[in-house]
Amino acid sequence: MDSSHQQLKNNTIIIVLGASGDLAKKKTFPALFGLFKIGYLPEGVHIVGYARTKMSEDDFHKRGVSYIKNADDPETAQKLEEFKGVMSYVSGQYDGDEGYSALNKALEEIESTYQTKEINRLFYMALPPSVFIPVAQGLRRNCYTPNGTNRIIVEKPFGKDLESCREMMSKLKKEWTEDETFRIDHYLGKEMVKNILVLRFANIVFSSGWSNQSIKSVQITFKEPFGTEGRGGYFDEFGIIRDIQQNHLLQVLSILTMERPVSFSAEDIRDEKVKVLRAIPPIAKEDVLLGQYVAANGKPGYLDDETVPQNSVCPTFAALTLWIHNPRWEGVPFILKAGKG
Numbered sequence: 000m001d002s003s004h005q006q007l008k009n010n011t012i013i014i015v016l017g018a019s020g021d022l023a024k025k026k027t028f029p030a031l032f033g034l035f036k037i038g039y040l041p042e043g044v045h046i047v048g049y050a051r052t053k054m055s056e057d058d059f060h061k062r063g064v065s066y067i068k069n070a071d072d073p074e075t076a077q078k079l080e081e082f083k084g085v086m087s088y089v090s091g092q093y094d095g096d097e098g099y100s101a102l103n104k105a106l107e108e109i110e111s112t113y114q115t116k117e118i119n120r121l122f123y124m125a126l127p128p129s130v131f132i133p134v135a136q137g138l139r140r141n142c143y144t145p146n147g148t149n150r151i152i153v154e155k156p157f158g159k160d161l162e163s164c165r166e167m168m169s170k171l172k173k174e175w176t177e178d179e180t181f182r183i184d185h186y187l188g189k190e191m192v193k194n195i196l197v198l199r200f201a202n203i204v205f206s207s208g209w210s211n212q213s214i215k216s217v218q219i220t221f222k223e224p225f226g227t228e229g230r231g232g233y234f235d236e237f238g239i240i241r242d243i244q245q246n247h248l249l250q251v252l253s254i255l256t257m258e259r260p261v262s263f264s265a266e267d268i269r270d271e272k273v274k275v276l277r278a279i280p281p282i283a284k285e286d287v288l289l290g291q292y293v294a295a296n297g298k299p300g301y302l303d304d305e306t307v308p309q310n311s312v313c314p315t316f317a318a319l320t321l322w323i324h325n326p327r328w329e330g331v332p333f334i335l336k337a338g339k340g
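In numbering that gives the first Met the number 0, the protein residues as written are 0 to 340.
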């Protein structure tokens, strides 16, 4: 089996870069706790947060578990205390070597307690793409272990466009091998999205009518009942289309519309996704509707966020219609809608 597909080994340290940020707080740490609670993390696991924010370990623990559901449940509360026991925090900058040297020192202190010479480090970047490369370089120079497995996980978005994505991936490959690098879209980990494949290809009733012979139109909708909430600086640089539609919703679309893969390996599923995406022509301007949320019902508008430029025309809502030119979906409009606020 390819080493990149092995399960996490014992004595693994998971390092969350951007540990003080929104993504880590709302998604990464709750997901890690969910795995920890049911015993899916390896024996001897330790979780180290790294970010520029200076805070005590106690403050880090509070922030890291602040979005975990049912925290008052006795069983969950007990597991939370155990979870905090394997969490630690290091503060440092994303450029230069000083912060990463301090991080490596903290990792070595943890690893000195392991009863084995083989140690494993998994670096998860919950960071904006503007710092992906300097962080990847800093980690490779200072925190790469020669005594075990190294993995780096990069969260979307991968740049702002095709050119910047290619440039980013080219620089990343100079530091980390392909087997060591994982690029992810966290929507693919949602249970409902994962079940689409089962619904389509393991259910004869659905698969037989999954085409333009039975389906008139398809709507894929993303809704968030809140705004940017202090993340305006990041969001304004990308907008709703880059933030949601060209990654999350296109991934869902490709799973809904692709042909049955040769197998359900990652490579074969990817190949079928690419085929259907190539059948989508450029989207016409008249098939796109953009908007920006304003103050209403006691909630502030997008431009009321202090982190948003006052002259911003960044869309927080977008609806678009696209078409797939292949025998299965010819003539069926696919309407993708996404909005905040």
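Quick reminder that beta carbons are idealized off the backbone N, C-alpha and C, glycines included.
Values in this document were obtained by computation on a predicted structure and should not be read as measured data.
Pairwise C-alpha distance: residue j and residue i
i      : j      : result
LEU106 : ASN202 : 47 Å
SER206 : LEU321 : 22 Å
PRO60  : GLY226 : Looking at the sequence itself, residue 60 is His, so the reference to Pro does not match. Cα to Cα, the separation comes out at about 26 Å.
VAL197 : ARG259 : 11 Å
ARG150 : PHE157 : 17 Å
ILE183 : VAL192 : 14 Å
LEU34  : LEU252 : 28 Å
THR52  : VAL153 : 21 Å
ASP71  : THR112 : 32 Å
MET257 : ILE279 : 12 Å
GLY95  : PHE181 : 24 Å
ILE132 : ILE334 : 35 Å
PHE234 : ASN141 : 31 Å
ASN9   : LYS116 : 12 Å
GLY17  : ALA125 : 5 Å
Where residue i falls, given that 16 or more other Cβ within 10 Å makes a residue buried
i      : result
ALA50  : buried
LYS336 : buried
GLU177 : exposed
ARG62  : buried
GLN218 : exposed
PHE263 : exposed
TYR39  : exposed
GLU179 : buried
Under the three-state DSSP convention, the category residue i falls into
i      : result
ALA295 : strand
ASN219 : Residue identity differs from the one stated: residue 219 is Ile in this sequence, not Asn. Strand at ILE219.
LEU40  : coil
GLU359 : Outside the displayed range of the chain (0 to 340) lies residue 359, so it cannot be described from this structure.
LYS116 : coil
PRO280 : coil
HIS45  : strand
LEU335 : strand
MET86  : strand
ALA265 : helix
PHE59  : helix
GLY290 : strand
TYR93  : coil
LEU126 : coil
ALA318 : strand
PHE181 : strand
ALA50  : strand
VAL273 : helix
Which listed residue (the options) has its alpha carbon closest to that of residue i
i      : options                       : result
LYS83  : LYS53, ILE67, LYS104, LEU255  : ILE67
TYR123 : TRP209, VAL312, VAL47, VAL275 : VAL47
VAL312 : GLY231, LEU121, ILE132        : GLY231
SER169 : GLY147, GLY188, ALA135        : ALA135
VAL85  : GLY95, GLU97, PRO41, SER100   : PRO41
PRO281 : LEU187, HIS324, THR11         : HIS324
GLN77  : ASP96, LYS24, PHE32           : PHE32
SER87  : GLY338, LEU22, ASP57          : ASP57
Below 8 Å, how does it come out for the segment 268 to 279 and the segment 201 to 217: are there three or more Cβ pairs, yes or no? The answer is no - the segment 201 to 217 does not touch the segment 268 to 279, with fewer than three Cβ pairs under 8 Å.
Evaluate contact between the segment 165 to 181 and the segment 19 to 39, counting only Cβ atoms and requiring at least three cross-stretch pairs below 8 Å. In short, these stretches do not touch, since the Cβ pair count stays below three.
With a threshold of 8 Å, are at least 3 pairs of Cβ atoms found where one atom belongs to the segment 206 to 217 and the other to the segment 323 to 330? Yes, the segment 206 to 217 is in contact with the segment 323 to 330.
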